[in-house]
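Student: Numbering (my numbering), first residue to last: -9 to 369. My questions will all concern the structure given below.
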């Protein structure tokens, strides 16, 4: 359990500490006060760039007139039980540094190790139109759900994306008259096939588990989705093909697409082109055709199914981050969301402009007003 969050020169905060207890925390205040900055800080305790997708350089606090951001740090204290504490930290050591470092109890560690301690899961206003917006954003969202339960998936996707960039660089060099090394292309495509097959298998497994979780939530006041994955590799994984067979198909496809990718200047084939699909079960219509409120409710039901799964499997605790949590939800669904967070005994951090939007949580959550870089606990 998180017991304290400390920010130093992070975004709008010069220095701030938020003591935390069990249960939900409501962060309320005017637009631009720094509420989302707190959620972003928490989201950095997982592999990747966090909920904004920002670079380390962008996160440092700037005073008026300063050209670049300062060196910054975010630290968490965790209660490990039996009176023991664990210290997690991340940040940059010098102003303008591009590489974010991670420390666990003072020792430098790879970002993937953070998932041994916390499993942050988040939803932002951008995801209120998740199913009708860009395919790439849906796949990123789904991959985050996958590696919250399967930490190795983060490294798999990272290895795939690195090899994909190197392959495209070789192909575009060839298109500009510099001959691409066929042996190096072969080696990269072998790496892409292996990591792509592992990613597809992990996605298929997660899809099955999440669908089962959604199906088990038929008594909740949230719409249910029938999920799917579009993509040749994922289709093979869902149908029961083994990893070596999927890798062979990916490798063959990569070889066939060399000329097209070189001409286009981007990679047009592979598991990075896959998509998460969803059908609104009750209406029997694609989720993409639903309103923002319907799409948000579908996403929340998917996230809650994931959290129930994580809690049932044990291990690191899920932490729920909901930016503008009440937006696009009617009163009944808003109350149901809060009830479920409390019933699941979740550490959840939620933002909103008005405390009144969280009235149903009075007496069950800690309310903190965020204003001018200060955190003002209430009650």
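All C-beta atoms, glycine included, are put in the ideal place defined by N, C-alpha and C. All of these numbers come straight from a predicted model, not from anything done at the bench.
(1) Any chance you could list the alpha helix (DSSP H) runs of at least 4 consecutive residues sitting entirely within the stretch 116 to 190, in chain order?
(2) Could you tell me which residues DSSP puts in a beta bridge with residue 3?
(3) Let's test the definition: count the other Cβ atoms within 10 Å of the Cβ of residue 67 and tell me whether it reaches 16, buried, or not, exposed.
(4) Classify residue -1: buried if its beta carbon has 16 or more other beta carbons within 10 angstroms, exposed otherwise.
(5) Quick test of your reading: residue 147 and residue 296, contact by CB under 8 Å. State the CB separation rounded to the nearest angstrom.
(6) In the structure shown, what three-state DSSP assignment does residue 383 receive?
(7) Mapping DSSP to helix, strand and coil, what is residue 193?
(8) Taking its Cβ as the centre, do 16 or more other Cβ atoms sit within 10 Å of residue 75, making it buried, or is it exposed?
(9) Which residues share a DSSP beta bridge with residue 367?
(10) Would you call residue 62 buried or exposed, if buried means 16 or more other Cβ atoms sit within 10 Å of its Cβ?
(11) From this set, 196, 214, 187, 209, which residue's C-alpha is nearest residue 242's C-alpha?
(12) Hey, would you say residue 251 sits closer than 8 Å to residue 258, going by beta carbons?
(13) Output the boundary residues of the beta strand (DSSP E) element that contains residue 338.
(14) Please report the distance separating the alpha-carbon of residue 173 from that of residue 314.
(15) Figure out for me which residue from 263, 203, 204 has the closest Cα to the Cα of residue 225.
(16) With a cut-off of 8 Å, do at least 3 Cβ pairs link the stretch 352 to 367 to the stretch 16 to 26?
(17) Use the C-beta contact count for residue 33: other C-beta atoms within 10 angstroms, 16 or more gives buried, fewer gives exposed.
(18) In terms of DSSP beta bridges, what is residue 75 paired with?
(19) Report the partner residues of residue 91 according to the DSSP bridge assignment.
(20) Per DSSP, what kind of secondary structure is residue 26 in: helix, strand or coil?
(21) So the beta strand (DSSP E) residue 113 belongs to, where does it begin and stop?
(22) What does DSSP give as the partner residue(s) for residue 216 in the beta ladder?
(23) With a floor of 3 residues, list each beta strand (DSSP E) that falls wholly inside the stretch 262 to 330, ordered by position along the chain.
(24) What are the partner residues of residue 8, as DSSP defines its beta bridges?
(25) On the CB-based measure, 16 or more other CB atoms within 10 Å of its CB, does residue 366 come out buried or exposed?
(26) Anyone know if the C-beta pair for residue 36 and residue 104 falls short of 8 Å?
(27) With three or more beta-carbon pairs closer than 8 Å as the criterion, would you say the stretch 227 to 241 touches the stretch 178 to 196?
(28) Starting from residue 17, follow the alpha helix (DSSP H) in both directions and report where the run begins and ends.
(29) With a cut-off of 8 Å, do at least 3 Cβ pairs link the stretch 213 to 229 to the stretch 147 to 163?
(30) Answer with yes or no whether the minimum CB distance from residue 107 to chain C is below 8 Å.
(31) If I follow the unbroken alpha helix (DSSP H) through residue 234, where does it start and stop?
(32) At which residues does the alpha helix (DSSP H) containing residue 53 begin and terminate?
Tutor: Result, derived from the coordinates:
(1) 125 to 139, 142 to 165
(2) Residue mapping note: residue 3 aligns to position 13 of the chain shown, counting from 1. Per DSSP, 0.
(3) As a working note, residue 67 is residue 77 in the chain shown. That one is buried.
(4) In the chain shown, the residue the question calls residue -1 occupies position 9. Looking at its Cβ environment, which holds 16 or more other Cβ atoms inside 10 Å, residue -1 is buried.
(5) Residue 147 sits at position 157 when you count from the first residue of the chain shown. Residue 296 sits at position 306 when you count from the first residue of the chain shown. Wrong, their Cβ atoms sit about 17 Å apart, outside the cutoff.
(6) Outside the displayed span of the chain (-9 to 369) sits residue 383, for which this structure offers no information.
(7) Residue mapping note: residue 193 aligns to position 203 of the chain shown, counting from 1. The answer is helix: DSSP assigns residue 193 an H, G or I state.
(8) Taking the first residue of the chain shown as position 1, residue 75 is located at position 85. So residue 75 ends up on the exposed side.
(9) Residue 367 sits at position 377 when you count from the first residue of the chain shown. Residue 367 pairs with 358.
(10) Position 72 of the chain shown, counted from the first residue, corresponds to residue 62. Classification for residue 62: buried.
(11) Translated into the one-based positions of the chain shown, residue 242 becomes position 252. Among 196, 214, 187, 209, the Cα nearest to that of residue 242 belongs to 187.
(12) Within the chain shown, residue 251 is the residue found at index 261, counting from 1. Within the chain shown, residue 258 is the residue found at index 268, counting from 1. Taking 8 Å as the Cβ cut-off, residue 251 and residue 258 qualify as a contacting pair.
(13) For this step, residue 338 is matched to residue 348 along the chain shown. From DSSP, the beta strand (DSSP E) with residue 338 extends over 337 to 342.
(14) The residue labelled residue 173 in the question sits at position 183 within the chain shown. The residue labelled residue 314 in the question sits at position 324 within the chain shown. Answer to the nearest angstrom: the Cα atoms are 50 Å apart.
(15) In the chain shown, counting from the first residue as 1, residue 225 sits at position 235. Nearest C-alpha to residue 225: 263.
(16) yes
(17) Your numbering for residue 33 matches position 43 in the chain shown. Under this definition residue 33 is a buried residue.
(18) By 1-based counting over the chain shown, the position of residue 75 is 85. Beta-bridge pairing links residue 75 to 69.
(19) Numbered from 1 along the chain shown, position 101 holds the residue referred to as residue 91. Beta-bridge pairing links residue 91 to 81.
(20) Taking the first residue of the chain shown as position 1, residue 26 is located at position 36. Residue state, collapsed to three classes: helix.
(21) The residue given as residue 113 occupies position 123 in the chain shown. Here the beta strand (DSSP E) through residue 113 covers 108 to 113.
(22) Within the chain shown, numbered from 1, the residue matching residue 216 stands at position 226. In DSSP, residue 216 forms a bridge with 269.
(23) 265 to 270, 307 to 312
(24) Here residue 8 refers to the residue found at position 18 of the chain shown. DSSP lists -5 as partners of residue 8.
(25) Working through the chain shown from its first residue, we reach residue 366 at position 376. So residue 366 ends up on the exposed side.
(26) As a first step, residue 36 must be located in the chain shown, where it is residue number 46. As a first step, residue 104 must be located in the chain shown, where it is residue number 114. A contact, by the Cβ cut-off of 8 Å.
(27) yes
(28) By one-based count along the chain shown, residue 17 stands at place 27. Note, residue 17: premise wrong, no alpha helix (DSSP H); beta strand (DSSP E) at 15 to 18.
(29) no
(30) The structure shown contains no chain C, having only a single protein chain.
(31) For the purposes of this step, residue 234 is taken as residue 244 along the chain shown, with counting starting at 1. Looking at the DSSP string, the run of the alpha helix (DSSP H) that includes residue 234 is 233 to 246.
(32) Mapped onto the chain shown, residue 53 falls at position 63. No alpha helix (DSSP H) holds residue 53; DSSP gives it neither H nor E.
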